[in-house]
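Written below as structure tokens is the structure these notes are about.
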Amino acid sequence: MRTVSVTLVTYTYDDHELVRGLLSSVTGWTAMPSAIVVIDDGSAQPFVLDLPEEVTGRLPDIEVVRVPENRGNTHARALGAARATTRFILSVDADIRFPAHWLAVCLPAAARPGVGMAGTAIRPRTGDDLLSRYLELTYTLNRGAAGSVPFLPGGAWLARRDAFEAVGGFSGYEERFGQDAYLSRRLRDNGYLLWAVDGVEAFEVRRIGRLQMVRRGWRWQGHHMKAALDEGRPLDEVLNVVLYSMRERMLRSRAADPRLLYFDLLYALHALLDTVAYAAQRMGQAEGQATAQAGGEGARAALRHSTAAFLKPWPQLCTALCADLAELGHAPLPTDLAAAPPFDLAAALSFAVGNDELAAVCGGLGEVLG
Numbered sequence: 001m002r003t004v005s006v007t008l009v010t011y012t013y014d015d016h017e018l019v020r021g022l023l024s025s026v027t028g029w030t031a032m033p034s035a036i037v038v039i040d041d042g043s044a045q046p047f048v049l050d051l052p053e054e055v056t057g058r059l060p061d062i063e064v065v066r067v068p069e070n071r072g073n074t075h076a077r078a079l080g081a082a083r084a085t086t087r088f089i090l091s092v093d094a095d096i097r098f099p100a101h102w103l104a105v106c107l108p109a110a111a112r113p114g115v116g117m118a119g120t121a122i123r124p125r126t127g128d129d130l131l132s133r134y135l136e137l138t139y140t141l142n143r144g145a146a147g148s149v150p151f152l153p154g155g156a157w158l159a160r161r162d163a164f165e166a167v168g169g170f171s172g173y174e175e176r177f178g179q180d181a182y183l184s185r186r187l188r189d190n191g192y193l194l195w196a197v198d199g200v201e202a203f204e205v206r207r208i209g210r211l212q213m214v215r216r217g218w219r220w221q222g223h224h225m226k227a228a229l230d231e232g233r234p235l236d237e238v239l240n241v242v243l244y245s246m247r248e249r250m251l252r253s254r255a256a257d258p259r260l261l262y263f264d265l266l267y268a269l270h271a272l273l274d275t276v277a278y279a280a281q282r283m284g285q286a287e288g289q290a291t292a293q294a295g296g297e298g299a300r301a302a303l304r305h306s307t308a309a310f311l312k313p314w315p316q317l318c319t320a321l322c323a324d325l326a327e328l329g330h331a332p333l334p335t336d337l338a339a340a341p342p343f344d345l346a347a348a349l350s351f352a353v354g355n356d357e358l359a360a361v362c363g364g365l366g367e368v369l370g
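Position 294 of the sequence shown, counted from 1, bears residue number 294 in UniProt numbering, the numbering being contiguous throughout.
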């Protein structure tokens with residue numbers, strides 16, 4: 001094992017066991033970081049190493065930085081990067097694991113002239129149930145990417161410290177999430193390449209539920225959709241972007257196992273309902289624009305009515321989706337469907353969802369919800 005000029009930075013917000021698991025795994029790497037920093041971002045109980053001596057004895061010195069109260073991912077990542085004095089910064093979420101040669105393979109790519117940051121695909125690896133299969137199929141970030149790419153996911157990236165500092169790191173970015181897209185864009189705008197290394201992957205081992213999966217995915221995508229509305233893009237245009245973004249995902253699910261479409265439907269309905277709710281709220285805040293507010297509320301009512309009409313022939317599916325949507329903060333769907341729906345959700349999703357697929361989803365609800 002060789003020691004390399006890399007500071008490994010990882011983070012915990014009540015994720016102490018995941019951090020300990022990550023640090024233990026480092027002892028098996030073929031390239032050893034020369035420094036390790038753990039940012040404890042306001043955990044209820046302060047992080048302590050509590051690792052066996054045979055593990056700590058094989059690791060470099062570990063600095064633990066305690067933040068008194070949780071300030072979010074962006075602050076934690078900026079704080080960790082500021083502690084690095086090595087040539088490279090390896091930022092890793094606590095739930096990421098690597099094959100032993102990952103760092104050794106990625107270092108030459110990060111050292112290439114003009115490259116500011118390198119990374120690989122990140123593949124969920126949590127089991128063989130339907131949700132785990134869906135996550136691996138859908139949430140494998142940078143799947144198949146190689147060479148110069150526009151974006152590297154924040155779960156694991158290897159940056160040249162001089163490039164990170166030259167562009168100002170995360171300075172000027174106040175949002176708790178989306179800092180990976182911000183850093184990727186900032187590096188690109190300053191002439192640096194983002195390099196995806198093929199032939200090796202990272203793995204996300206945290207087990208999450210379907211509601212958390214929806215929240216995590218929409219937290220990132222929804223931020224961009226709402227920003228488009230803030231910039232004055234028409235609501236129907238933004239809704240079409242949401243639907244278009246679901247197209248390839250739903251086609252993959254249908255081809256792999258139609259039962260996986262339940263997770264797509266849950267995500268799509270949450271995304272659409274949240275988008276129109278945001279638009280209605282935004283229009284309602286515009287002083288003196290009663291017509292615009294009515295338009296926003298009308299769009300929300302139309303989508304809720306269409307969703308109820310789409311699900312009516314499938315009562316089991318409707319019950320399950322409505323329960324999950326309620327957990328995601330949405331009001332019950334209307335029951336009075338006398339009028340024709342002003343928006344045809346079935347037609348909008350027909351590229352991937354038909355009667356056969358919905359029948360398969362209903363037949364597999366026990367496993368989907370289990």
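Glycine included, C-beta positions come from ideal geometry on N, C-alpha and C.
- Every beta strand (DSSP E) of 3 residues or more that sits fully in the UniProt domain "Glycosyltransferase 2-like" (9–167) is shown, in chain order, as 31–41, 62–67, 88–92, 115–124, 147–149 and 156–160.
- Judged by their CB atoms, P334 and A308 are nearer to each other than the 7 angstroms cut-off.
- No residue range can be given for A338, since it is assigned to no alpha helix (DSSP H) and is classified by DSSP as neither H nor E.
- Per DSSP, reduced to three states, the secondary structure at G354 is coil, with no helix or strand assignment.
- Setting aside the 5 residues that flank it on each side, V6 is surrounded in the same chain by A31, P33, S34, A35, T86, R87, F88, I89, L90, L103, L107 and L158, each with a C-beta closer than 8 angstroms to its C-beta; the list follows chain order.
- With 16 or more other CB atoms across the displayed protein chains lying within 10 angstroms of its CB, D324 is buried.
- If the five residues before and after E165 are omitted, its C-beta is found closer than 7 angstroms to no C-beta atom of its own chain.
- I62 is the residue among P46, S43, T3 and I62 whose C-alpha sits nearest the C-alpha of L22.
- Straight across, the Cα-Cα distance linking A256 with G168 is about 43 angstroms.
- In summary, N142 is buried, with 16 or more beta-carbon neighbours lying within 10 Å of its beta-carbon over all protein chains present.
- Note on geometry: alpha-carbon atoms of N73 and Q179 lie some 8 angstroms from one another.
- If you look at G199, you'll find it in the beta strand (DSSP E) that goes L193 to E204.
- A94 is not a Cβ neighbour of T27, given a cutoff of 7 angstroms.
- Across the set V361, P234 and L211, the C-alpha of L211 shows the shortest separation from the C-alpha of H330.
- Put simply, of R188, T12 and R304 the residue whose alpha carbon is nearest the alpha carbon of A268 is R304.
- K226: member of the alpha helix (DSSP H) spanning R210 to D230, first to last residue.
- Spatial neighbours of A163 in its own chain (CB-CB distance under 6 angstroms, excluding positions within 5 residues in sequence) are listed in chain order as G116 and Y192.
- Short of 7 angstroms from the beta carbon of R112, and not among the five residues preceding or following it, lie these beta carbons of its own chain, in chain order: W195.
- For S245, the enclosing alpha helix (DSSP H) stretches over residues L235 to A256.
- Beta-bridge pairing by DSSP links R2 to A31.
- The beta-carbon separation of L51 and R20, rounded to 6 angstroms, stays under the 8 angstroms limit for a contact.
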